[in-house]
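Numbered by the numbering used here, the letters in the sequence shown go through residues 222 to 502 in order.
Idealized CB from N, CA, C, for every residue including glycine.
Presented below is the structure to which this report refers.
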Amino acid sequence: MNKISAVVPVAPWDLLPSQLLFKSLIKYFDPESLDTVFIVYPDKPKMEEVLESLHPRFNYSVISEEDIIPAEDYSLFKKRKGWFRQQIVKMYISKRMKTEFYICIDSDLLCIKPTSYHDLIKNGKPGLNVEPKDTHTYWWKQAQLVLKLPDSSYTSGMSSSTNIFITNEMLGLIDYIEKMYRKSFSRALLNWFWTNSYFFRKQWTEYKLYWSYIEYQNKTDAYDPTNKIWGKSIWKITEHVDEELFREILSPRNEGYFIVWQSPRVSYEQICEKAAQYLGI
222 MNKISAVVPV APWDLLPSQL LFKSLIKYFD PESLDTVFIV YPDKPKMEEV LESLHPRFNY
282 SVISEEDIIP AEDYSLFKKR KGWFRQQIVK MYISKRMKTE FYICIDSDLL CIKPTSYHDL
342 IKNGKPGLNV EPKDTHTYWW KQAQLVLKLP DSSYTSGMSS STNIFITNEM LGLIDYIEKM
402 YRKSFSRALL NWFWTNSYFF RKQWTEYKLY WSYIEYQNKT DAYDPTNKIW GKSIWKITEH
462 VDEELFREIL SPRNEGYFIV WQSPRVSYEQ ICEKAAQYLG I
């Protein structure tokens, strides 16, 4: 059977939400479809203890950022904010992947239905969530500046949440950046201009950077945008959250295989209650 790998970066304050994510993966993600789930967490013994208590059926490896970032770059890397570091981790970890594809999964996600490799990869093409580029224009613009590419003719591209990377294409992106800047991938991306807090709303992101490279390589056809990875979710603080919304997003009839519960209107306790009610976890 074909397998996919995964990376799950977990911030210290996201330990509890990550446990709910793992419970959903244990219940719904076919363990035979997973090669290795790389869980990136600063306190490896603590995360190992948590996972052992959950009895996952899938293969996993608990690692830290120091296991991924080259030693000579780590002193600079650790000074940056977690948001930037997490993005670089999601890309740099491609060097550890032994599968053709890997999926990035954040702590504020839940797997909502039975999911296997063949659900995510159909006819050799990974599924894809897209968004109009005018949704996050600043991220797309900055990604193009990092890659020194002209404006793209595409009006939509990879969305800003969970998606699947093609391992060799990510490795190609890393090589492209290192050759262009004549320095390591992490040092190139941690240049002060891209991480200055004054420009916080105008940063590149991992998905925009990767997809801009895919467009540059004329390989957008390698993906299947009709096969969505995640469905309707809870995003904004302005969203009205009620029982009907939970029933809709936690239903197997929702599009995709995951949902995001990012809105501060939803507490950890509340999502646990609803996940138990609708997902049985």
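First and last residue of the uninterrupted beta strand (DSSP E) at residue i
i: Thr-257; result: 255-261
i: Phe-322; result: 322-325
i: Ile-289; result: Element bounds for Ile-289: n/a, residue is neither H nor E.
i: Leu-349; result: Run containing Leu-349: none; DSSP gives neither H nor E here.
i: Val-231; result: It is not in any beta strand (DSSP E) - Val-231 carries neither H nor E in the DSSP assignment.
i: Ser-282; result: 281-284
i: Leu-330; result: 330-332
Beta-carbon contacts of residue i that lie in its chain and below 6 Å, excluding the five residues immediately before and after
i: Lys-316; result: none
i: Pro-252; result: Arg-278 and Phe-279
i: Ser-245; result: Leu-331, Cys-332 and Ile-502
i: Leu-237; result: Tyr-489
Beta-carbon spacing of residue i, residue j below 7 Å
i: Thr-257; j: Asn-223; result: no
i: Val-481; j: Ser-382; result: yes
i: Ile-385; j: Phe-322; result: yes
i: Leu-394; j: Tyr-434; result: yes
i: Ser-380; j: Glu-436; result: no
i: Ile-247; j: Val-261; result: no
i: Ile-326; j: Ile-289; result: no
i: Thr-388; j: Met-318; result: yes
i: Tyr-444; j: Pro-335; result: no
i: Leu-411; j: Arg-301; result: yes
i: Gly-477; j: Lys-495; result: no
i: Ser-239; j: Ile-309; result: no
i: Pro-446; j: Leu-349; result: yes
i: Ala-497; j: Lys-429; result: no
i: Trp-425; j: Val-367; result: yes
i: Asp-396; j: Ser-328; result: no
i: Ile-324; j: Ala-232; result: no
Residue i, enclosing alpha helix (DSSP H) - first and last residue
i: Val-271; result: 265-275
i: Leu-241; result: 236-249
i: Leu-341; result: 338-341
Neighbour flag for residue i against chain C, beta carbons, 7 Å
i: Asp-372; result: No chain C appears in the structure shown, which is made up of a single protein chain.
Contacts around residue i, its chain only, beta-carbon distance under 8 Å, and the 5 residues preceding and following it disregarded
i: Lys-273; result: The amino acid at residue 273 is misidentified as Lys; the sequence shows Glu. Correct list: empty, nothing qualifies.
i: Glu-269; result: Val-283
i: Tyr-431; result: Met-312, Met-379, Phe-386, Glu-390, Met-391 and Leu-394
i: Ser-405; result: Pro-291, Glu-293, Asp-294 and Glu-399
i: Glu-469; result: Lys-453 and Asn-475
i: Val-462; result: Ile-455, Ser-484, Arg-486 and Val-487
Cβ shell of residue i (< 7 Å), same chain only, five flanking positions each side left out
i: Pro-473; result: Ile-333 and Lys-334
i: Pro-353; result: Thr-376 and Ser-377
Cβ-Cβ separation, residue j to residue i (assumed contact under 8 Å), whole Å
i: Tyr-359; j: Ile-225; result: Their Cβ separation, rounded to whole angstroms, is 31 Å, which puts Tyr-359 and Ile-225 out of contact at 8 Å.
i: Lys-202; j: Met-401; result: This structure cannot settle anything about residue 202, because the visible part of the chain is limited to 222 through 502.
- Considering only residues of the segment 351-384, which uninterrupted beta strand (DSSP E) runs meet the minimum length of 3 residues and lie entirely inside it, listed in chain order? Here the runs fully enclosed are 351-353 and 377-379.
- Jot down the residue ranges of each uninterrupted alpha helix (DSSP H) in the segment 418-489, minimum 4 residues, whole runs only, in chain order. Those alpha helix (DSSP H) runs which fall completely within the segment 418-489 and span 4+ residues are 427-437 and 464-470.
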